[in-house]
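Q: Input: one structure, supplied below.
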Amino acid sequence: MSEINASGAPDPDACSSYAQLSLDNVFSQAGITAEQAVDTLLLTLPQGARGINALRNAYYGINHRLTPQAIPINKDTFGLTFFTRPRLNLSPGNLRSERIFNPLTNINPYSIQRIIRCYLDPDSNRDPATGMSSPFVDPLSAFIPILSNMLVSAAGWPDITVPYTTSHEGVYKEVFSLVDGVTEIYSAYDITLTFRNMQGDPVTALFFYWSMYMSHVFRGTLMPYPEMIVDNEVDYQTRIYRLVLDVTKTKVQKIAACGAAFPYSPANGAAFNYDSQSPLNQSHEQISIPMHCVGAIYQDPILLYAFNSTVALFNPVMADGLRTMSCTKVPMAALQLFNHQGYPWINPDTWELEWWVDSQLYQQLIGWLTNLQNQLATPLFSTGQNQTGEASGNPAPDTVVGTAPNTLGQLDFGDGSTA
C-alpha cells in the first residue's frame, strides 16, 4: 500500500493502519512476544533477562569472570514490635488495698491513669458495661500500642551459638571437634528498650505501676485473679514479638519472640534530676527500660500461629472461619487510610502481614473517601453546577453530611458524631 495517493496527499488508509500499529503487532509478526524481545536484549548485559538471569547465576555457579553482580541489595525495614498485654488484677478491691495504686482509680476515661489501667488489666475493660473502659484503648487489641508507637530501639537479643567440644591432642597435636549441645535459647537475658517520651509521661507511669504491682504480688499485699492462681500462671509477664518487614512493609521477612518478659526498672529517677543551667529536663526525653526475658525463638513457624492465636484470643472474630464474616482485609492501597486501626494477622502460607478492620467501618471510610475524591475532582458552585457549567451528580453543598457549610462535608460514623 502506497503512503501517497495519486493527488500527492497522504493516503488516509495508510495513515490509519500505521496509527493502529503497535509493538505487540510488530513482535507478533516476528513470532516473539515483547517480553522475549526484551529478554533477548538483556541477555547480553550482566543482569540478564529482566534481572532473573543474574539472580539464577548467583545461586547456580561461580562468577569466575568477576563481572559486577546486578542484584539489588537487601532492603528490609526494621518492621514492627508488639508487646502483648499482661493480665494484672487492677480491680477496685486490689487498688484500694495499697495507696500507691490509688491514682489508678481515676474515673476520667481520658486520664492517663485510666488508660494505663485498661492496658494492664484487659479484664477491666473487656465489657463496656463495667464502666472501666477508655476511648483511647481498644479492648479487642491484644497489644499495647503506645509501646509499639513510641519505641525507638530494642537491643540485647541473644545470638544463636552452636556449642561444641574439642578432643585432647594426640601425638601429633591432632584434634577433632564435635557439636555437643543445643542451639535453642532457653536462658535468661536482658533487652534494653528505649522509648521516646511524650506529653504526660505515660510510658514511665505505665512501667512504674507495672513494676510496683509485681513487687506487691510477691509480698502478698496484692492478689492475682483467682484463675491465674489456680492455673499457676504468672500474670505480669508479656511477650515481645519482633517482625522484620520488607520494603513495602507488608511481608514478614523474619520473626522472633521471647518466651516471656517483664520490666524490672521503671527508670523514673531521671525525672527528678536537677540542673539549674537548663530550663527543661532534657534527660527524660527518651526512656530506657530494661526487660528481663527468658527464652528466645527465631524463625519458628509456630510463632505465626501463636501471634494469630493471641490476636484471636482478644478479638474472637479474627479467628479462622470467622474473620471474613465480619471483617475486611485492608488492601495495600488503603493501608494509609486505616493507619492506627485494624488488627494484624500473619498469613502462614505467604507470610504477609495483613490488617483487618470491621467491615462496617471499612465501608464507611471507603465511601467517605470516594465521595471526597469525586467532590475534589468536580467541585460544586452554589448553583449546583461544576466548573464546566454542567449539572453534577454530586450532592449540593447544603446536602452534604454534616452541619458545616463546606463542599467537602464531614465524616459521619452513623452514631450522630462527626470527625
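Note that numbering that gives the first Met the number 0 numbers the sequence shown so that position 165 is 164, with each residue one more than the last. We put the beta carbon where it would ideally sit given N, CA and C, even for glycine. Please read these numbers as outputs of a predicted model, since none were measured by experiment.
1. Taking the continuous alpha helix (DSSP H) assigned at Phe206, which residues delimit it?
2. Return helix, strand or coil for Gln374, following the three-state DSSP convention.
3. Between the segment 215 to 227 and the segment 327 to 343, do three or more beta carbon pairs fall short of 8 Å?
4. Indicate the three-state DSSP secondary structure (helix, strand or coil) for His167 in the structure shown.
5. If distances are taken between C-alpha atoms only, which option among Ile184, Tyr163, Tyr188, Glu183 comes closest to Ser176?
6. When we look at the beta-carbon of Gln276 and count the other beta-carbons within 10 Å, is it buried (16 or more) or exposed?
7. Quick check: the Cα distance between Tyr304 and Leu321, rounded to an integer number of angstroms?
8. Specify whether the segment 86 to 101 and the segment 59 to 76 touch according to this definition: at least 3 beta carbon pairs, one from each stretch, less than 8 Å apart.
9. Spell out the partners DSSP gives Gln285 in its beta bridges.
10. Can you name the residues that DSSP bridges to Arg241?
11. Alpha carbon to alpha carbon, what distance is there between Asp319 and Pro201?
12. Do you know how far the Cα of Leu65 is from the Cα of Leu119?
13. Do you know how far the Cα of Ile190 is from the Cα of Asn346?
14. Grouping DSSP H, G and I as helix and E and B as strand, with all else coil, what is Thr327?
15. In whole angstroms, what separates the C-alpha of Ala269 from that of Pro85?
16. How big is the Cα-Cα spacing for His283 and Asn267?
17. Got a sec? Which residues, its chain only, sit under 6 Å from Ala154 by beta carbon, not counting five neighbours each side?
18. Taking the Cβ atom as the reference point for each residue, do Trp355 and Thr309 lie within a distance shorter than 8 Å?
19. For the segment 284 to 298 against the segment 249 to 266, are there 3 or more C-beta pairs whose distance is under 8 Å?
20. Hey, Lys253 and Val246 are a contact pair by Cβ (cut 8 Å); roughly how many whole angstroms apart?
21. Please go through the same chain and pick out, in chain order, the residues whose beta-carbon is closer than 6 Å to the beta-carbon of Leu36, but skip the five residues on each side of it.
22. Excluding five sequence neighbours on each side, which residues of the same chain lie with their C-beta closer than 7 Å to the C-beta of Gly415?
23. Just how far apart, CA to CA, sit Asn280 and Met149?
24. For Ser358, which residues in the same chain have their Cβ closer than 7 Å to its Cβ, ignoring the five residues on either side in sequence?
25. Alpha carbon to alpha carbon, what distance is there between Ala376 and Pro144?
26. Suppose contacts are defined by Cβ-Cβ distances below 8 Å. Is Tyr235 in contact with Tyr208 by that definition?
27. Please identify the residue among Ser210, Trp156, Glu173, Arg195 whose C-alpha is closest to the C-alpha of Arg241.
28. Report the option in Ser152, Asn124, Met131 whose CA atom is closest to the CA atom of Leu139.
29. In terms of alpha-carbon separation, which member of Gln335, Gly341, Val293 lies closest to Phe313?
30. Following the continuous beta strand (DSSP E) through Ile115, name the residue where it begins and the one where it ends.
31. Please report the straight-line C-alpha distance between Thr160 and Asp179, rounded to a whole angstrom.
32. Buried or exposed: Arg238, going by 16 or more other Cβ atoms within 10 Å of its Cβ?
33. Would you call Gln433 buried or exposed, if buried means 16 or more other Cβ atoms sit within 10 Å of its Cβ?
34. Is any beta-carbon of chain D found at less than 8 Å from that of Glu183?
35. Please check the pair Ile111 and Ala204, which I expect to be a contact at CB under 8 Å, by giving their CB distance rounded to whole angstroms.
36. Does the distance from the CB of Asn81 to the CB of Phe142 come in under 8 Å?
A: Let's see:
1. 201 to 218
2. helix
3. no
4. coil
5. Tyr163
6. exposed
7. 16 Å
8. no
9. Arg195
10. Thr80, Ala255
11. In this model, Pro201 and Asp319 are separated by some 35 Å (Cα to Cα).
12. 58 Å
13. 28 Å
14. strand
15. 26 Å
16. Cα to Cα, His283 sits roughly 9 Å from Asn267.
17. Thr191.
18. no
19. yes
20. Lys253 to Val246, Cβ: 14 Å. No contact.
21. The sequence given here has Ala at residue 36, not Leu. Answer for Ala36: Phe26, listed in chain order.
22. Unreliable placement is indicated for Gly415, whose pLDDT of 34 sits below 50; the coordinate value is still reported in the next sentence. Hits under 7 Å: none found.
23. 19 Å
24. Ser325, Cys326, Thr327
25. 36 Å
26. Contact flag unset, no.
27. Trp156
28. For Leu139, the closest C-alpha among the options Ser152, Asn124, Met131 is that of Asn124.
29. Gly341
30. No beta strand (DSSP E) contains Ile115, which is instead part of the alpha helix (DSSP H) from 111 to 119.
31. Looking at the backbone, the Cα of Thr160 and that of Asp179 are separated by about 12 Å.
32. A residue is called buried once 16 or more other Cβ atoms fall within 10 Å of its Cβ, and Arg238 is buried on that count.
33. It is not possible to answer for residue 433, since the shown part of the chain is limited to 0 through 418.
34. This model lacks chain D altogether, as it is built from one protein chain only.
35. 6 Å
36. The residue you asked about is not Asn; residue 81 is Phe in the sequence shown. Between Phe81 and Phe142, the C-beta spacing is below 8 Å.
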